[in-house]
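One line per chain: the protein sequences are R and A, in this order.
The first sequence begins at 64 in the numbering used here and counts up by one.
The second sequence begins at 415 in the numbering used here and counts up by one.
We put the CB at the ideal spot given by N, CA and C, even for glycine.
The structure presented is a predicted model; accordingly, all values stated were derived computationally and were not measured.
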Amino acid sequence: MTQALEPPLALLAELSHRCPLQCPYCSNPLDLERASKELDTATWLRIMDEAAEMGMHQIHLSGGEPTVRKDLEDLVQHADEVGLYSNLITSGVLLDEARLTKLADLGLEHVQVSFQDTESSNADRIGGFKGGHAKKIEVARLIRKIGLPLTVNAVVHRQNIEHVPDFLDLAVELDAERIEIAQVQYYGWALKNRAAFIPTYEQLKHTTEIVLKARDRLKGILVIDYVVPDYYAKRPKTCMGGWGRQFLNINPAGKVLPCHAAESIPGLVFDNVQEHSLAWIWENSEAFNQYRGTNWMPEPCKSCDRAEIDWGGCRCQAYALTGDAGATDPACELSPLHQQTFGLAMREATGEAPEFIYRRIGADEEQNAPEFSGEPAE
Amino acid sequence: MERIFLEEASIPQFPRGVKFRFNRAKEQWVILAPERLLVPDETAVEILKLCDGAASVGTIIDDLAERFNAPRDVIATDVTAMLQDLADQGFVTA
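Written as structure tokens, this is what we have:
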């Protein structure tokens with residue numbers, strides 16, 4: 064690669080892995096960071112200084128549940144001071160009007176609230192948190208009352224996919240600017256629970272039709288982002304805009320990752336913000352350079368005319384489904400494993416949904432994973 | 415919320431949560447919005463710089479037509495189409 068390395072666009076700050084909810088599709092790694100390992104306020108402030116200096120535009124304050132951090136106000140204020148657009152990604156259940164007002168006054172730009180379903184008992188069952196749904200509705204209304212823009216994050220799967228029209232109505236009714244209809248992506252916890260979540264191809268197709276019609280009907284009223292599981296795709300998604308190209312993710316303990324799931328790939332060496340500057344890590348981190356650009360690609364990726372469009376899809380998915388993070392993403396129909404993956408997902412989607420393995424510290428060791436095609440390809 | 419249709423009398427502005435900013439490190443104008451980022455082209459930047467919450471679409475058209483010495487109706491079509499497109503994506507309100 065001869066092109067100069069562009070700085071990333073945005074920083075995903077996982078402030079804490081603590082969370083009152085236990086969603087079985089959580090994007091956090093199976094091995095959650097303990098509270099005692101969390102970075103202190105001063106380090107996060109320094110990270111923001113460095114991010115702004117590098118030319119990054121946005122900071123996504125995420126978790127776990129970012130509002131468990133008592134210093135969230137300081138972080139939001141500092142983001143505003145250094146010119147980073149701040150976005151709070153929250154379950155909402157720990158927020159109240161006073162704290163939201165304070166955060167808005169300190170310069171918070173936007174809030175995204177996740178919803179598990181539109182039907183409260185099912186939503187609370189999926190999130191593993193009683194009363195959660197009602198609280199989320201209340202908090203979403205407060206966000207709009209204060210005047211902050213709101214995104215409804217609707218995570219959909221076979222156990223709520225028929226409620227997509229209701230999710231759209233809910234977003235309009237809450238006066239949200241934006242909704243993300245996000246089908247579960249199968250990494251970490253979600254991969255463990257895949258058979259409980261993956262919809263059939265017919266369900267997916269039907270949902271896509273609903274979403275496309277709604278986009279037309281709600282033009283100028285509600286922005287609709289739609290994420291499909293790429294198990295049913297012909298070509299892989301451009302995961303993270305390409306490995307080490309647009310984003311970096313900092314975990315609660317300061318480890319800098321190319322994406323939130325990158326720790327699922329064994330053998331990658333990550334650097335920590337406590338040892339190096341963000342700019343140094345962006346340029347020199349072994350984990351970032353491992354799959355950056357196109358040099359690492361196997362065939363048929365390397366000579367593919369989409370090599371610099373999808374950047375080889377998703378490394379975490381390649382590892383999870385083939386045992387080799389450098390393999391062609393099986394979501395691509397040119398992967399020798401595509402048919403097998405598709406077939407397996409189809410069978411899971413029509414079988415009985417197993418019980419959830421809820422996300423919590425230690426759950427990985429105490430519960431057995433359901434059957435999935437996680438075995439190496441060899 | 416209702417869809418906004420921009421006319422010459424409309425006063426385009428950036429809604430809360432949308433920032434039109436110059437990034438010094440990258441020397442680049444950007445529109446920042448909830449989990450979205452847009453890099454407007456040169457023409458769009460010239461239009462957006464005039465969206466100060468006071469100028470109407472008509473005023474912006476007049477200004478650009480004069481500055482670029484171009485036929486007003488051509489400028490009017492471009493400006494209105496661009497702003498309508500941005501409004502439909504939630505980047506601009508009026």
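By the three-class DSSP mapping on this structure, what secondary structure does residue i have?
i       : result
I261(R) : coil
A440(R) : Confidence is the limiting factor: at A440(R) the pLDDT is only 33, short of 50, which leaves the residue's position unreliable, though a coordinate-based value still follows. Coil at A440(R), not helix or strand.
R241(R) : strand
H80(R)  : coil
Q179(R) : coil
Y470(R) : Here chain R comprises residues numbered 64 to 441, so residue 470(R) is not present and cannot be evaluated.
N216(R) : strand
V139(R) : helix
N335(R) : strand
S327(R) : helix
L500(A) : helix
N185(R) : helix
I313(R) : strand
I424(R) : coil
N437(A) : strand
H120(R) : coil
Q454(R) : Because chain R is modelled from 64 through 441, residue 454(R) falls outside the range shown and cannot be assessed.
T491(A) : helix
Y382(R) : helix
Y249(R) : coil
A167(R) : helix
Y354(R) : coil
Q222(R) : coil
R308(R) : coil
Is it buried or exposed for residue i, if we count other Cβ within 10 angstroms and need 16 for buried?
i       : result
G406(R) : exposed
P92(R)  : buried
A388(R) : buried
P439(R) : Reliability of the predicted coordinates at P439(R) is poor, the pLDDT of 35 falling under 50, and the value obtained from them is presented with this limitation in mind. Burial call: exposed.
G431(A) : buried
E429(R) : Low confidence applies here, because E429(R) scores a pLDDT of 47, under 50, leaving its location unreliable and the question unanswered by this model.
I413(R) : Per the sequence presented here, residue 413(R) reads as Thr, with Ile not at that position. Its Cβ having fewer than 16 others within 10 Å, T413(R) is exposed.
Q402(R) : exposed
E434(R) : Residue placement at E434(R) is poorly supported in this model, since its pLDDT is 35, which falls under 50; the coordinates still yield a value, given next. It counts as exposed.
A501(A) : buried
D466(A) : exposed
D392(R) : buried
Using CA atoms only, rank isn't needed, just tell me which of the options is closest to residue i.
i       : options                            : result
P321(R) : A115(R), K208(R), R378(R)          : R378(R)
Q246(R) : L233(R), I284(R), A186(R), L267(R) : L267(R)
E69(R)  : N91(R), L108(R), M117(R)           : M117(R)
N150(R) : A501(A), E460(A), A458(A), E449(A) : E449(A)
E371(R) : P299(R), Q380(R), D334(R), V235(R) : P299(R)
Y249(R) : H401(R), A383(R), S99(R)           : A383(R)
L442(R) : F260(R), D238(R), E113(R), D94(R)  : There is simply no residue 442(R) to check, as chain R begins at 64 and stops at 441 in what is shown.
L163(R) : H141(R), L211(R), I313(R)          : L211(R)
L254(R) : A390(R), A381(R), L108(R)          : A381(R)
D232(R) : R97(R), V286(R), A258(R), R257(R)  : V286(R)
I209(R) : A73(R), A142(R), L237(R)           : L237(R)
S154(R) : W374(R), G190(R), A394(R), A258(R) : G190(R)
E411(R) : D134(R), M360(R), H220(R), A350(R) : H220(R)
L166(R) : G146(R), C395(R), Q140(R)          : Q140(R)
Q439(A) : N347(R), A408(R), P71(R)           : Gln is not the amino acid found at residue 439(A); the sequence shown has Ala there. Minimum Cα distance to A439(A) is reached at P71(R).
I244(R) : W252(R), V319(R), Y421(R), V274(R) : V274(R)
E480(A) : E460(A), L497(A), D499(A)          : E460(A)
Y295(R) : E396(R), D134(R), R97(R)           : E396(R)
D159(R) : E362(R), R204(R), E418(R)          : R204(R)
Under the criterion of a Cβ to heavy atom distance below 7 Å, does residue i qualify as lining the ligand MG?
i       : result
V488(A) : Because no ligand of any kind appears in the structure shown, any question about the ligand MG cannot be addressed here.
Under 8 Å, do residue i and residue j count as touching if we go by C-beta distance?
i       : j       : result
I284(R) : E416(A) : yes
E240(R) : L281(R) : no
V443(R) : K199(R) : In this structure chain R extends from 64 to 441, so residue 443(R) is not present and cannot be described.
D218(R) : Y88(R)  : The displayed chain sequence assigns Val, not Asp, to residue 218(R). Taking 8 Å as the Cβ cut-off, V218(R) and Y88(R) qualify as a contacting pair.
H323(R) : S79(R)  : no
A508(A) : Q442(A) : no
H120(R) : A76(R)  : no
D143(R) : T104(R) : no
T301(R) : D373(R) : yes
Q85(R)  : F192(R) : yes
I475(A) : R486(A) : yes
(message) Give me the subset of the segment 128 to 160 of chain R whose CB atoms are less than 7 Å from a CB atom of chain A, sorted by chain position.
(response) Y148, N150
(request) Would you list, in chain order, the members of the segment 202 to 225 of chain R that have their beta-carbon closer than 9 Å to a beta-carbon of chain A? (result) G210, L211, P212, L213, T214
(message) Output needed in chain order: residues of the segment 425 to 436 of chain A with a Cβ under 9 Å from some Cβ in chain R.
(response) P429, R430, G431, V432, K433, R435
(request) Identify each residue in the segment 439 to 451 of chain A for which the Cβ-Cβ distance to at least one residue of chain R is less than 7 Å, and report them in chain order. (result) A439, K440, V444, L446, P448, E449, L451
(request) Closer than 7 Å, Cβ to Cβ, to anything on chain A: give me those residues from the segment 265 to 279 of chain R, in chain order. (result) none
(message) Short of 7 Å Cβ to Cβ, which residues in the segment 277 to 306 of chain R face chain A?
(response) K282, G283, I284, V286
(message) Taking beta-carbon pairs under 7 Å, can you tell me which members of the segment 234 to 250 of chain R lie near chain A?
(response) D238, E240, R241
(request) Using a Cβ-Cβ cut-off of less than 9 Å, list which residues of the segment 476 to 507 of chain A approach chain R; keep chain order. (result) Q498, A501, D502, Q503, G504
(request) Please list the residues of the segment 93 to 127 of chain R that have a C-beta atom closer than 9 Å to any C-beta atom in chain A, keeping them in chain order. (result) A115, E116, M117, G118, M119, H120, Q121, H123
(request) Taking a Cβ distance cut-off of 8 Å, strictly less, list which residues of the segment 456 to 477 of chain A are near chain R, in chain order. (result) none
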